[in-house]
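S.K.:
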Amino acid sequence: MKYFQPELETMSLADKRALQSEKLVKTVKYVYERQKPYREKMDAIKLRPSDIKGIEDIWKLPFTQKSDLRNSYPFGMMAADRKDLVRLHASSATTGKLTVSGYTQNDIDIWADCAARSLVMAGADQNSIVHVCYGYGLFTGGLGMHYGAERLGAIAVPASAGNTQRQLQLLSDFKADIICCTPSYAIYLIEEIEKAGLKIGTDIVLKGGCFGAEAWTEEMRNEIERRLNIHACDIYGLSEISGPGVANDCEYKRGMHFQDDHYFPEIVDTETLEPLPIGERGELVITTLDRTGMPLIRYRTRDIAALDDSPCPCGRTTIKMKRITGRSDDMLIIRGVNVFPSQIESVLLKNPAVQPHYHINVDRVNNLDTLEIVVELSPNAFSDTVADVEAIRTKLAGEMASGISVSAKITLVSPGTIERSEGKSKRITDRRKI
Amino acid sequence: MINQLAVFLENRKGRIGDCCKVLRDAGINLSSMSIADTTDFGILRLMTNDNDKAFEVLKRSGFMCAMVSLVAMRVPDRPGALADILIALDEAGVNIEYLYSFASDNGSAHIGFKTNDADKAASLLVKLGVEVL
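First to last, the sequence lines map onto chains P and V.
In terms of the working numbering, the first sequence opens at residue 4 and continues consecutively.
In terms of the working numbering, the second sequence opens at residue 4 and continues consecutively.
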């Protein structure tokens, strides 16, 4: 199977442009009518929906930011009637509140199409067994690839994350040929496969995979491909736009094919926010061209990337996106979970036993991300017994886990130990080599 | 009852030495020291000839301290003396969180201990004929 939707994936650039223009005009009109926060932005600069005549006018439109979603939490950005919304997903936002995205059935269908296109790029077809060990839940990874596999007509195995021994059993008993998980978990799985003495090619017969939700390197890809003997695709997505499948590598790996008949990408300068020419690196901005649940116009992803419009030997005519190389904000991705230092700070502020002077250490140990929060103990919380200090640490670790959705090691230090600095970035030491 | 200082030590090279240096520079004399350690931090408990001053100078040097009182006693110099006392305390329902000895001037053993019920412990010691310091 070469393509999932050949008529859309290989359409001529002229047809694509006409389609994008038609959809953008329609989306802007729809958003102006139904999304109050965005209508106010357009009114503020006296921009009318009729001023947008085609995709070439997209730069005239105001940006949408994560803060817009936060300010309208939870449902203020929903454009569809409640009866037409069928699902919510959510991811972390900077202040501890979630960023919510609402989907209509049509939004879910388009997302499933894009995930199915991605799976085909990874080598899947209707006979495939797709082992999904992304987490199932508010996070879009699990359900996104699951619906994609079903849409393709393959067999989805909803293994979800964790319980590695069970994952190995399922992989070797069911003989899945396609796997979806974070790249760091893939490396971890490989080590467990080797430890368990399972043989690649007989016990484990994977031939491809979609790996995403965190930044990774070409070296990691080579390692996964070599040790599992598979074709490893980078997959991109974000819950605000839709989950995994917004872009994905084909077998030539010349950049991820961005599904630009549904999601229109732009790269802008991180300082001036002016559009940059194709090929230059900057912040990725995405406009949804079909979504009706919560359409987003020129959404600033904060991901740093570059586009590439050179033809791909695979025959797909979508624009391609080079690897994400960083963020234009201070968000960390820990084991696939978005974590903002401000969320950590708000958890610390609520606990009087510690002071909001902290340092965040991120590392990758045995291919799994580790997060350590070094924080100053409040002088009046200190007592002479180990049990009391341990109790403070245990309580804080629990609060942190529920506050940022990922476990962290808490290290307590004396007041004044943490270097005081103005810049937020100095509070983070990221030793991961990405 | 006597006072002791508890000092928080993060797991960093040379912290006990740093703490002792602060006391030395302030002319403070140590009479006892005990440490409770975990993999990530330790709590140093110490007694000095001037605990108030020690508290001040350590705090000024960035150490986190707490002043905590202990029940203290002179234990008779014979085999089993401490065992008898601890058994009696245990039978009376007095729990001991930790204990350690400190220097005395005449060779008998001085023991300080942290308990959940200092008053009960002290009156029991008196009843047993143990000298409470």
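Here a beta-carbon is modelled for each residue, glycine too, at the ideal position from N, C-alpha and C.
Computed from a predicted structure; not experimentally measured.
Could you please give me the residues that DSSP links to residue 90/P through a beta bridge?
M.R.: Numbered from 1 along the first sequence, position 87 holds the residue referred to as residue 90/P. 106/P, per the DSSP bridge assignment.
S.K.: Using DSSP with H/G/I as helix, E/B as strand and the rest coil, what is residue 148/P?
M.R.: Along the first sequence, read from residue 1 onward, the residue named residue 148/P stands at position 145. Correct three-state label for residue 148/P: helix.
S.K.: Can you name the residues of chain V whose CB is closer than 8 Å to the CB of residue 385/P?
M.R.: Here residue 385/P refers to the residue found at position 382 when the first sequence is read from its first residue. In chain order: 9, 11, 67, 68 and 69.
S.K.: Just to check my reading of the structure: residue 37/P and residue 93/P have Cβ atoms closer than 8 Å, yes? What is that Cβ distance to the nearest angstrom?
M.R.: What you label residue 37/P is simply residue 34 of the first sequence in a count that begins at 1. What you label residue 93/P is simply residue 90 of the first sequence in a count that begins at 1. No, residue 37/P and residue 93/P are not in contact; Cβ-Cβ is about 21 Å, not under 8 Å.
S.K.: Measuring CB to CB, does residue 133/P end up less than 9 Å from residue 182/P?
M.R.: Residue numbering aside, residue 133/P sits at position 130 when the first sequence is read from its first letter. Residue numbering aside, residue 182/P sits at position 179 when the first sequence is read from its first letter. In contact: residue 133/P and residue 182/P (Cβ atoms closer than 9 Å).
S.K.: Skipping 5 residues on each side, what residues in its chain have a beta carbon closer than 7 Å to that of residue 235/P?
M.R.: Within the first sequence, numbered from 1, the residue matching residue 235/P stands at position 232. Counting only Cβ-Cβ distances below 7 Å, and skipping sequence neighbours, we find 212, 214, 224, 227 and 228.
S.K.: Answer with buried or exposed for residue 76/V, where buried requires no fewer than 16 other C-beta atoms within 10 angstroms of its C-beta.
M.R.: Translated into positions along the second sequence, residue 76/V becomes position 73. The residue in question, residue 76/V, is buried, as its Cβ has 16 or more Cβ neighbours within 10 Å.
S.K.: Out of 119/P, 377/P, 88/P and 175/P, which has the shortest C-alpha to C-alpha gap to residue 199/P?
M.R.: Start at 1 with the first residue of the first sequence, and residue 199/P comes out as number 196. Here the closest residue by C-alpha is 175/P.
S.K.: Helix, strand or coil: which one does DSSP assign to residue 24/P?
M.R.: As a first step, residue 24/P is located in the first sequence; it is residue number 21 there, counting from the start. Helix, per DSSP.
S.K.: What's the gap between the Cα of residue 426/P and the Cα of residue 123/V?
M.R.: On the first sequence, residue 426/P is found 423 positions in, with the first residue counted as 1. On the second sequence, residue 123/V is found 120 positions in, with the first residue counted as 1. Here the model assigns residue 426/P a pLDDT of 49, short of 50, so the residue's position is not dependable and the matter cannot be decided.
S.K.: Pick from 164/P, 280/P and 77/P: whose alpha carbon is nearest that of residue 138/P?
M.R.: Walking along the first sequence from the start, residue 138/P turns up at place 135. Of the listed residues, the one whose Cα sits closest to residue 138/P is 164/P.
S.K.: Taking just the CA atoms, how far does residue 50/P sit from residue 67/P?
M.R.: Here residue 67/P refers to the residue found at position 64 when the first sequence is read from its first residue. Here residue 50/P refers to the residue found at position 47 when the first sequence is read from its first residue. Each residue's alpha carbon lies about 15 Å from the other.
S.K.: Using DSSP with H/G/I as helix, E/B as strand and the rest coil, what is residue 383/P?
M.R.: Here the question's residue 383/P lines up with position 380 in the first sequence. DSSP places residue 383/P in the helix class (H, G or I) of the three-state scheme.
S.K.: Between residue 426/P and chain V, is the shortest Cβ-Cβ distance under 9 Å, so that the two count as touching?
M.R.: On the first sequence, residue 426/P is found 423 positions in, with the first residue counted as 1. Because the pLDDT of residue 426/P is 49, which lies under 50, any placement of that residue in the model is unreliable, and the question is left without a value.
S.K.: Just to make sure I have the definition right: I need the residues of chain P whose C-beta is within less than 8 Å of the C-beta of residue 46/V. Which are they?
M.R.: Within the second sequence, numbered from 1, the residue matching residue 46/V stands at position 43. Near residue 46/V (Cβ distances below 8 Å), the residues of chain P are 387, 388, 389 and 392.
S.K.: For residue 105/P and residue 287/P, I'd like the C-alpha separation in whole angstroms.
M.R.: Within the first sequence, residue 105/P is the residue found at index 102, counting from 1. Within the first sequence, residue 287/P is the residue found at index 284, counting from 1. About 22 Å.
S.K.: Can the beta-carbon of residue 136/V be found closer than 9 Å to that of residue 70/V?
M.R.: In the second sequence, the residue the question calls residue 136/V occupies position 133. In the second sequence, the residue the question calls residue 70/V occupies position 67. Cβ atoms of residue 136/V and residue 70/V: not closer than 9 Å.
S.K.: Taking the alpha-carbon of residue 1/P as reference, which of 401/P, 414/P, 337/P and 412/P has the nearest alpha-carbon?
M.R.: Past the boundaries of the shown model lies residue 1/P; chain P is included only from 4 to 437, so the question cannot be answered.
S.K.: Considering only residues of the same chain and omitting the five flanking positions on each side of residue 362/P, which have a CB-CB separation below 6 Å?
M.R.: What you label residue 362/P is simply residue 359 of the first sequence in a count that begins at 1. Here the set comprises 377, 421 and 430.
S.K.: Which partner residues of residue 367/P appear in the DSSP bridge assignment?
M.R.: To locate residue 367/P, count along the first sequence from 1; it is residue 364. Secondary-structure assignment with DSSP links residue 367/P through a beta bridge to 372/P.
S.K.: Mind the definition here: the segment 344-358 of chain P touches the segment 398-417 of chain P only if three or more C-beta pairs lie below 8 Å; say whether that holds.
M.R.: yes
S.K.: Answer with yes or no whether the minimum CB distance from residue 117/V to chain P is below 9 Å.
M.R.: Residue numbering aside, residue 117/V sits at position 114 when the second sequence is read from its first letter. Chain P contact via Cβ: present.
S.K.: If the cut is a Cβ gap below 8 Å, which residues of chain P does residue 39/V touch?
M.R.: One-based indexing of the second sequence puts residue 39/V at position 36. Against residue 39/V, the close residues of chain P are 388 and 389, in the order they occur along the chain (beta-carbon pairs closer than 8 Å).
S.K.: Applying the criterion that 16 or more other CB atoms from any shown protein chain within 10 Å of the CB defines a buried residue, is residue 7/P buried or exposed?
M.R.: Counting from 1 along the first sequence, the entry for residue 7/P is found at position 4. It counts as buried.
S.K.: Buried or exposed: where does residue 255/P fall if 16 or more other Cβ atoms within 10 Å of its Cβ makes it buried?
M.R.: In the first sequence, the residue the question calls residue 255/P occupies position 252. With fewer than 16 other Cβ atoms within 10 Å, it is exposed.
S.K.: Consider the Cβ of residue 126/P: report whether some Cβ of chain V lies at a distance smaller than 9 Å.
M.R.: Here residue 126/P is taken as the residue at index 123 of the first sequence, counted from 1. It does not: the Cβ of residue 126/P has no partner Cβ on chain V nearer than 9 Å.
S.K.: So if DSSP puts residue 398/P in a beta bridge, which residue, or which two residues, is it bridged to?
M.R.: Within the first sequence, residue 398/P is the residue found at index 395, counting from 1. DSSP, once it has assigned bridges, lists no residue as partnering residue 398/P.
S.K.: Kindly identify the DSSP beta-bridge partner or partners of residue 46/V.
M.R.: The count along the second sequence starts at 1 and reaches residue 46/V at position 43. DSSP, once it has assigned bridges, lists 11/V and 39/V as partnering residue 46/V.
S.K.: Listing by chain order, which chain P residues have their CB less than 8 Å from the CB of residue 21/V?
M.R.: On the second sequence, position 18 is the one that residue 21/V refers to. The premise fails here: residue 21/V is roughly 11 Å from chain P at the closest Cβ pair, so nothing lies under 8 Å.
S.K.: Terminal residues of the continuous alpha helix (DSSP H) containing residue 416/P?
M.R.: If you number the first sequence from 1, residue 416/P lands on position 413. Taken as a continuous stretch (DSSP letters only), residue 416/P belongs to no alpha helix (DSSP H), being part of the beta strand (DSSP E) at 412-416.
S.K.: For residue 428/P, collect the residues of the same chain with a Cβ closer than 7 Å to its Cβ; drop the 5 residues on either side in sequence, then sort them by chain order.
M.R.: Residue numbering aside, residue 428/P sits at position 425 when the first sequence is read from its first letter. Note that residue 428/P scores a pLDDT of 48, beneath 50, so its modelled location is shaky; the value from the coordinates is reported in the next line. Cβ neighbours of residue 428/P beyond the five flanking positions: 333.
S.K.: Are there 16 or more other CB atoms within 10 angstroms of the CB of residue 252/P, so buried, or fewer, so exposed?
M.R.: Here residue 252/P corresponds to residue number 249 of the first sequence, with the count starting at 1. If you draw a 10 Å sphere on the C-beta of residue 252/P, you find 16 or more other C-beta atoms in it, and that means buried.
S.K.: For residue 39/P, count neighbouring C-beta atoms within 10 Å of its own C-beta (all shown protein chains included) and say buried if the count is 16 or more, exposed if not.
M.R.: Indexing the first sequence from 1 puts residue 39/P at position 36. Burial call: exposed.
S.K.: If contacts are defined as beta-carbon pairs under 8 Å, then residue 292/P and residue 266/P qualify, I think. What distance do you get, rounded to the angstrom?
M.R.: Numbered from its first residue, the first sequence carries residue 292/P at position 289. Numbered from its first residue, the first sequence carries residue 266/P at position 263. Residue 292/P to residue 266/P, Cβ: 7 Å. Contact.
S.K.: For residue 419/P, which residues in chain V fall below 8 Å Cβ to Cβ?
M.R.: As a first step, residue 419/P is located in the first sequence; it is residue number 416 there, counting from the start. Near residue 419/P (Cβ distances below 8 Å), the residues of chain V are 65.
S.K.: Decide if the segment 412-420 of chain P is in contact with the segment 20-30 of chain V; the criterion is three or more beta carbon pairs, one per stretch, under 8 Å apart.
M.R.: Not touching, per the Cβ criterion.
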